[in-house]
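Colleague:
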Amino acid sequence: MLLFLKNNRWTFSPLTSEKLLDTLKLAIGTYTEHKSSWEGLMKRGMGRDYSWENAAIQYEQVFTWAFMDPPYAR
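For the sequence shown, my numbering begins at 7 and goes up steadily by one.
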């Protein structure tokens, strides 16, 4: 099982309901048992740009990369 905190979010693998539940338990445990860590996560998360404009730029970049790689540009 892979389970870790990356870029202000918990990720897990494989993508199963059991691993999702494990990840939720870890997040709740961080909230209840490690308040200062949780507050740091909140502050870093609030400092990020989650706007639609930023998302659109990222989607455009994905499409640009996809068309640069011939197997995906059909």
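Backbone N, C-alpha and C define an ideal beta-carbon position, used for all residues, glycine too.
CA-CA distance, F69 and E24?
Modeller: Here the question's residue 69 lines up with position 63 in the sequence shown. Here the question's residue 24 lines up with position 18 in the sequence shown. Cα to Cα, F69 sits roughly 33 Å from E24.
Colleague: Kindly give me the distance between the Cβ atoms of S43 and T36, rounded to whole angstroms, as I take these residues to be in contact under 8 Å.
Modeller: Translated into positions along the sequence shown, residue 43 becomes position 37. Translated into positions along the sequence shown, residue 36 becomes position 30. 6 Å between Cβ atoms; contact.
Colleague: DSSP three-state label for T36, please.
Modeller: Numbered from its first residue, the sequence shown carries residue 36 at position 30. The answer is helix: DSSP assigns T36 an H, G or I state.
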